[in-house]
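Asker: full-length UniProt numbering puts the sequence shown at residues 1 to 336.
Note that CB positions come from ideal geometry on N, CA and C, so glycine has one too.
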Amino acid sequence: MATSRCRKGPDPVRNTSPDGPRRRKKRWLLPVFILSFLSLNAVVLSALDGTVKEPYMDEEFHIPQVQRYCESFRPTVYHPDISTPPGLYWVAALLARSLSPAFAALSSSFSSSFSAAADAAQTLPESDAHDGEATGNVAAPGGRKDDPVVLPVLCRSSFFLRGFNALFVSPLTLLLLWVLARRIHFSLALSEAERTLRDACREAVCASLFASRKDERDAKAIQAFNSREEHGKQEPRSSRSPRLGKTSDAGASRTGRFSPSEAGESESARDAGKDLLLLLRIARIALLPSFYFFNFLFYTDCLAVLLLLFAYHELLSRRHLWGLAAAGVLAFFVRQ
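Shown next, in the form of structure tokens:
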């Protein structure tokens, strides 16, 4: 009785390429870096805001002015000591007024969890400034000083106003620095690849000339060998064969090739190392003391740097000048 055997088909080919896990690691490298930087900013901001509760340096002018813009985007009072256009006040007031209802709803729903934040938002530092400058109550337009206007909760929080740079502007700056670093690195790598290709072409021409000369030498050697064989002066094969074998083995070991998986793994490792090196350079730029200090104060420096970096990005992209012009104008409105 004939028994039919089922032929087992070939096993499905598994993707053993290391590029998949490497790409996933590279994809998570930037978010982990930004989250780590945000965590550091949050810790430093909490410590600084808990220690320095009063407005510091020029915050004495900036915080009351942004509170006026929280009440109205066209305030009737602009402090005469402020020489900066109101770009920072527009952006911060818009963000604070947009997030205040959500924050108030969350604090009312989870009062136990947000009690500390709500107390910090409602407790305002006392100041001897005029016209309700640091009181959280701004005089109504055209009204008297005893007719206050209640501001949104985040506009009264010094932690939020100081955290505008540390928690909102800083991540965008890091992301833009990453894009610029990749663009500059890619252009440098492209020029390096062009030089490598040019050198490879030169080597190929030299190799072809060397191969033609080698063929001529081999032909002459064969002719001389045949002539020696005719005259009975042939050398023993044992004297040459081991040497040739060793030479060929050594050449094979020197010119051995990696498998595709090993080549892909080494290339992915090099790419991951380059990305990590770029992130370390970005961290070195972002942690520059003269710049990093202003991340925790309500100042114009951080937003102005972000807009200037965006203008530089538009300049490198070379698509059109409208983005460059818009970024330059916005940077002017943020800082004189």
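With distances taken from CA atoms, which of L315, G323, H320, L307 is nearest A331?
Answerer: L307
Asker: I need the DSSP call for S83, collapsed to helix, strand or coil.
Answerer: coil
Asker: Between the Cα of residue 362 and those of L177, P101, N41, D58, spot the shortest distance and give me the residue it belongs to.
Answerer: The structure shown has nothing for residue 362, since the chain only spans 1 to 336.
Asker: Are there 16 or more other CB atoms within 10 angstroms of the CB of G163, so buried, or fewer, so exposed?
Answerer: Burial call: buried.
Asker: Leaving out five residues before and five after L309 in sequence, what residues of the same chain have Cβ atoms less than 6 Å from its Cβ?
Answerer: L176
Asker: Taking the beta carbon of L321 as the centre, do at least 16 other beta carbons fall within 10 Å, making it buried, or is it exposed?
Answerer: exposed
Asker: Nearest by alpha-carbon distance to L324: which of E314, F333, L40 is it?
Answerer: Measuring from the Cα of L324, the nearest candidate turns out to be E314.
Asker: Decide if D81 is buried, meaning its Cβ has at least 16 other Cβ atoms within 10 Å, or exposed.
Answerer: exposed
Asker: In this structure, does DSSP put residue 383 in helix, strand or coil?
Answerer: The requested residue 383 does not occur in the structure, where the chain is confined to residues 1 to 336.
Asker: Give the DSSP-derived three-state secondary structure of F33 in the structure shown.
Answerer: F33 falls in the helix class under three-state DSSP.
Asker: If H79 sits next to Y299, beta carbons under 8 Å apart, how far is it from one beta carbon to the other, in whole angstroms?
Answerer: About 15 Å; that fails the 8 Å criterion.
Asker: Let me check understanding here. Comparing Cα to Cα, which of R183, V329, F294, D301 lies closest to L278?
Answerer: R183
Asker: For a test of the three-state rule: what should DSSP assign to E54, helix, strand or coil?
Answerer: Looking at E54 - three-state DSSP - the assignment turns out to be coil, as it is neither helix nor strand.
Asker: For L293, count the other beta carbons within 10 Å of its own beta carbon; 16 or more makes it buried, fewer makes it exposed. Which is it?
Answerer: First, the amino acid is wrong: residue 293 is Phe here, not Leu. Exposed.
Asker: With distances taken from CA atoms, which of L161, T84, E71 is nearest S46?
Answerer: L161
Asker: From L316, R74, L276, pick the residue whose C-alpha is nearest to that of I34; which is it?
Answerer: L276
Asker: Nearest CA to the CA of L40: which residue from A104, R74, S170?
Answerer: S170
Asker: Go to L161, then tell me how far its alpha helix (DSSP H) extends in each direction, as first and last residue.
Answerer: 158-163
Asker: Pop quiz: L38 and L167 are said to be a contact at Cβ under 8 Å. What is the actual Cβ separation, rounded to whole angstroms?
Answerer: So it is a contact: roughly 7 Å between Cβ atoms.
Asker: Which residue's Cα is closest to the Cα of R97: S72, Q223, A311?
Answerer: It is S72.
Asker: What did DSSP end up calling R284 once you bin it into helix, strand or coil?
Answerer: DSSP places R284 in helix when its eight states are reduced to three.
Asker: Could you check the C-alpha separation between E54 and Y69 for me, to the nearest Å?
Answerer: 20 Å
Asker: In chain order, what residues of the same chain lie with their CB nearer than 8 Å to the CB of A181, ignoring the 5 residues before and after it?
Answerer: L278, R281, I282
Asker: Roughly how many angstroms lie between the CA atoms of R284 and L174, to the nearest whole one?
Answerer: 11 Å
Asker: What did DSSP end up calling L297 once you bin it into helix, strand or coil?
Answerer: coil
Asker: So which of A224, D301, V77 has the shortest CA-CA distance to L88?
Answerer: For L88, the nearest C-alpha among the options comes from D301.
Asker: Nearest-angstrom Cα distance between V52 and R319?
Answerer: 46 Å
Asker: DSSP three-state call for Y89: helix, strand or coil?
Answerer: In the three-state scheme derived from DSSP, where H, G and I count as helix and E and B as strand, Y89 is classed as helix.
Asker: With a threshold of 7 Å on Cβ separation, who are the neighbours of A327 within its own chain once the five nearest residues in sequence on each side are excluded?
Answerer: Once the five neighbours on either side are set aside, the close Cβ partners of A327 are L307, F310, A311, E314.
Asker: Determine the direct distance from the alpha carbon of A93 to that of F333, and round the result to whole angstroms.
Answerer: Cα to Cα, the separation comes out at about 15 Å.
Asker: What distance in whole Å lies between the Cβ atoms of F296 and residue 358, which are believed to be in contact at a cut-off of 8 Å?
Answerer: Residue numbering for the chain in the displayed model covers 1 to 336; residue 358 lies beyond these limits and cannot be assessed.
Asker: Check V77 in the structure and name its three-state DSSP category.
Answerer: Looking at V77 - three-state DSSP - the assignment turns out to be coil, as it is neither helix nor strand.
Asker: Out of curiosity, what's the CA-to-CA distance linking R74 and S83?
Answerer: 17 Å
Asker: What did DSSP end up calling P152 once you bin it into helix, strand or coil?
Answerer: coil
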